[in-house]
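Enquirer:
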Amino acid sequence: MNFLELFLESLTTLTVNKLRTGLAMLGIVIGIGSVIALVSLGQASQQAIQDRIQSLGANLLTVEPGAQRTGAVRGAAGGDTSLTNADAQAIASSPQVTTIKAVSPEYSRRSQVTTGGANTNTQVIGVTDTYPEVHKVTLSSGSFISQRDVDGLTKVAVVGPQVVSDLFGNGANPIGQTLRISGQTFTIIGETVSKGGSGFLNQDDIIYIPLTTAQKQLFGANYLTSIALEANSESVMTAAQNQVGYLLLARHKFNDPTQADFSILSQQDILNTVSSTTSTFTALLSGIAAISLLVGGIGIMNIMLVTVTERTREIGLRKALGAKKRIITAQFLTESMILTFTGGIIGVVLGIVASYIISRVNNSLFVISPSSVLLAFVVSAGVGVLFGWYPARRAAGLQPIEALRYE
Amino acid sequence: MARSASPPQSFIIETQHLSKIYHMDGVQTVALSDVSIIVKRGEFVAIMGPSGSGKSTLMHILGALDQPTTGTYILDGENVEKLSDDQLADIRNHKIGFIFQAYNLLPRTTALKNVMVPMVYAGVPKEERLATATKYLQMVGLGDRLDHTSNQLSGGQQQRVAIARALVLSPALLLADEPTGNIATNQAEEIMAIFQKLNAEGHTIVMITHEPDIAEHAQRIIHIRDGKIVNDSSDHSQRLIKLPKSK
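Heads up: the protein sequence lines correspond to chains A and B, in order.
Counting from 1358, one number per residue, gives the positions in the first sequence under my numbering.
Counting from 435, one number per residue, gives the positions in the second sequence under my numbering.
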């Protein structure tokens, strides 16, 4: 009896009782479907977060004042006032630093912003003309803060689309309008393109003003809250981190790097931290889905046991006619594998459809990794073998006379 | 009792001192005791006995579906004792054609497919299976019902499918267990006619029945009661003698 015959015969048997076959498969369909959908959901959110972090700027290094960083874990940063404009200048001009393309000194603070009718609390950040390059910010209209604005301490602002909709309403043209930050009036000269994001990653809820204006006129500070650096390429990130690190250690007169009053965070560090969080999240989701797959497998085993009992006479007859144990085992295993494999295919299709719908509803990414589909197939066939094995062995072990007598 | 006078291959069945004892909940039941039978090639034997006489147990042992507790059984020159389950399956497949009271066809399966089952397990190639199955179904007069499923056939027709199924691998022994038990009288006669025709062609048949008029069709009748052979006669004049006869 070759495999094709076994397969066709099992198929015939399964189509005899369609309702039961369908119900038995349902458990696997739901199990595999939820594995596919949830893994896709997890990977989509991971991808989305990574994209968002990358949109902050390519090959980005951030120097922050204050607490030391040990590995990926940092203490409370940003409380110190150790970073100065001179540090930023030094990084930009030092011959020791060869791997940095652009330097963006920044002073950032949350502040209350008002217009005639509306007010909002948002991030106000003092920047120079290098900011757009380092952070990959583009303008939808108007122009960005220029070196002249920085030199002249002008009161101009570039706003994010979120600020525009908060203060002027959706779709309004803010160019030429004014807003008040801490009682001082600024003229809006540009609006950035939306980058999306939320919470601390929201790139749209920001007001950019000239660095000097922020430090001297608005907040009365002579230090920086961060220096953003763009490295020449991804491969020199570590070198760049070291060069900038040694330069600043020397400037701040520290011998021991662990004592430093600043820290340099690469974008990769942030990515790693966030990735490990989101992959934990994905694993959790997959775990939940795996449980439903297990329940589906037990459902298959239950149905197969019922089938064995119901077909006791048939099994007895087959053994009387010369079927060996191995053939009976193979027959029932084939049936359970067809059940789980077909269930797996339907589950994969439904899972993909479900994740597509979810991505459309949430307006999020649609990610299906081939590995999760492949895994689903392997697991579904495996479930068939695992949970079909016991019923199949039970069928094969039936004594022909007992089985023939069975009513 | 030495029975080695004749060459073994002329014996299809040779049992010596077969006994079968069941243990159930500590109670011993003797189903067969000291049964020695020889069936020669080409014989048509009926085994008769009331229910509980042990004739079904005997049939199971003769059919290699069950093993005796003691005694030996040689089927067509092959010692059936102490064989593994799979070896017994092979013996049943190649040497025995079963015909059951309840036909035992696969439900919702065509006559052709039912008849092909033993050949599937014997590894016969597909084209040959189809040809052989068709040939034997034509032989039992069902050439026009090859693609009827078992539930579309009458009892007599189903039993004829079962006979065709029993014949396809040319077994040494046809073993029939109450073959007419579920069939109307006129159809039972047709079945018996087929049996006699097969016997005339040289098939060895052992048939278990409790109906005397069915047993009539055999050349030899073995009466069994309380697990023992009480009468074994190939002589027609002794057929209706019911009294135990010492040997």
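Glycine is no exception: its CB is placed at the ideal position from the N, C-alpha and C atoms.
With a threshold of 6 angstroms on Cβ separation, who are the neighbours of residue 522/B within its own chain once the five nearest residues in sequence on each side are excluded?
Expert: 498
Enquirer: Which class does residue 542/B belong to by DSSP, given the choice of helix, strand or coil?
Expert: coil
Enquirer: Any Cβ of chain B within less than 8 angstroms of the Cβ of residue 1676/A?
Expert: yes
Enquirer: Cβ of residue 1393/A within 8 angstroms of Cβ of residue 1712/A?
Expert: In this structure, residue 1712/A lies closer than 8 angstroms to residue 1393/A by Cβ.
Enquirer: Considering Cα atoms alone, identify which of 1406/A, 1511/A, 1360/A, 1609/A is closest to residue 1575/A.
Expert: 1511/A
Enquirer: How many whole angstroms separate the CB atoms of residue 1604/A and residue 1464/A, which I take to be in contact at a CB cut-off of 8 angstroms?
Expert: 21 angstroms between Cβ atoms; not a contact.
Enquirer: To the nearest angstrom, report how far apart residue 1429/A and residue 1399/A are at their CA atoms.
Expert: With a pLDDT of only 46 at residue 1429/A, under 50, the local geometry of the prediction cannot be trusted, and the value read off the model is given with reservation. When rounded, the distance between both Cα atoms is 23 angstroms.
Enquirer: Just verifying my parser: in three-state terms, what is the DSSP assignment at residue 1427/A?
Expert: Residue confidence for residue 1427/A is low, a pLDDT of 47 falling below 50, so the modelled location carries little weight; the figure read from the coordinates is stated next. Here residue 1427/A sits in strand by DSSP.
Enquirer: Alpha carbon to alpha carbon, how far is residue 607/B from residue 530/B? Give it in angstroms, no decimals.
Expert: 5 angstroms
Enquirer: Got a sec? Which residues, its chain only, sit under 6 angstroms from residue 1422/A by beta carbon, not counting five neighbours each side?
Expert: 1437, 1439, 1440, 1619
Enquirer: In chain B, which residues lie less than 7 angstroms from residue 1700/A when you measure between Cβ atoms?
Expert: Near residue 1700/A there are no residues of chain B at all, since even the closest Cβ is about 24 angstroms away, more than 7 angstroms.
Enquirer: Can you check DSSP and say which residues form a bridge with residue 1541/A?
Expert: Answer by DSSP bridge pairing, in chain order: 1538/A.
Enquirer: According to DSSP, simplified to helix, strand and coil, what is residue 1422/A?
Expert: strand
Enquirer: Return the CA-CA distance between residue 660/B and residue 1692/A, expressed in angstroms with no decimal places.
Expert: Cα-Cα distance, rounded: 44 angstroms.
Enquirer: How many Å lie between residue 1720/A and residue 1551/A at the Cα?
Expert: 15 angstroms
Enquirer: Starting from residue 499/B, find everything on chain A with Cβ-Cβ shorter than 7 angstroms and list it in chain order.
Expert: Neighbours of residue 499/B on chain A, chain order: 1677, 1757, 1758.
Enquirer: Are the segment 461-471 of chain B and the segment 619-631 of chain B touching by the rule of at least three beta carbon pairs closer than 8 angstroms?
Expert: no
Enquirer: On the DSSP letters alone, give me the boundaries of the alpha helix (DSSP H) that residue 1360/A sits inside.
Expert: 1360-1373
Enquirer: Which residues in the same chain as residue 594/B place their Cβ atom closer than 6 angstroms to its Cβ, once the five residues preceding and following it in sequence are excluded?
Expert: 574, 576
Enquirer: Kindly say whether residue 1682/A, judged by its beta-carbon, lies nearer than 8 angstroms to any beta-carbon of chain B.
Expert: Answer yes: the Cβ-Cβ gap between residue 1682/A and chain B drops below 8 angstroms somewhere.
Enquirer: Per DSSP, what kind of secondary structure is residue 1502/A in: helix, strand or coil?
Expert: Three-state DSSP puts residue 1502/A in coil, outside helix and strand.
Enquirer: Can the beta-carbon of residue 1621/A be found less than 8 angstroms from the beta-carbon of residue 1593/A?
Expert: Cβ distance not < 8 angstroms, so residue 1621/A and residue 1593/A don't count as in contact.
Enquirer: Mind listing which residues of the segment 531-558 of chain B have their C-beta closer than 7 angstroms to chain A's C-betas, in chain order?
Expert: 532, 538, 540, 542, 551, 552, 554, 555, 556
Enquirer: So, does the CB of residue 1667/A fall closer than 8 angstroms to a CB anywhere in chain B?
Expert: no
Enquirer: When you compare only the Cα positions, how much space is there between residue 1606/A and residue 1596/A?
Expert: 15 angstroms
Enquirer: Any beta carbon of chain B sitting closer than 8 angstroms to that of residue 1373/A?
Expert: yes
Enquirer: Please compile the residues from chain A whose C-beta is within a distance smaller than 8 angstroms of the C-beta of residue 459/B.
Expert: By Cβ distance, chain A contributes nothing, its closest Cβ being about 17 angstroms from residue 459/B, past 8 angstroms.
Enquirer: Give me whichever residues DSSP pairs with residue 1584/A in a beta bridge.
Expert: DSSP output for residue 1584/A lists 1420/A, 1462/A as bridge partner(s).
Enquirer: Determine the chain A residues that contact residue 519/B at a beta-carbon separation under 7 angstroms, and present them in chain order.
Expert: 1682
Enquirer: Over the uninterrupted alpha helix (DSSP H) stretch that includes residue 478/B, give me the two end residues.
Expert: Here residue 478/B belongs to no alpha helix (DSSP H); instead the beta strand (DSSP E) covers 478-482.
Enquirer: Closer than 8 angstroms is the cut-off here; do at least three beta carbon pairs connect the segment 636-647 of chain B with the segment 609-617 of chain B?
Expert: yes
Enquirer: Under the three-state reduction of DSSP, which class applies to residue 612/B: helix, strand or coil?
Expert: coil
Enquirer: Is residue 1692/A close to chain B, meaning its C-beta is less than 8 angstroms from at least one C-beta of that chain?
Expert: Chain B, which has no Cβ nearer than 8 angstroms to the Cβ of residue 1692/A, makes this no.
Enquirer: Please list the residues of the segment 588-616 of chain B that have a C-beta atom closer than 7 angstroms to any C-beta atom in chain A, keeping them in chain order.
Expert: none
Enquirer: Any Cβ of chain A within less than 8 angstroms of the Cβ of residue 526/B?
Expert: yes
Enquirer: Three or more beta-carbon pairs under 8 angstroms between the segment 482-490 of chain B and the segment 502-517 of chain B, yes or no?
Expert: no
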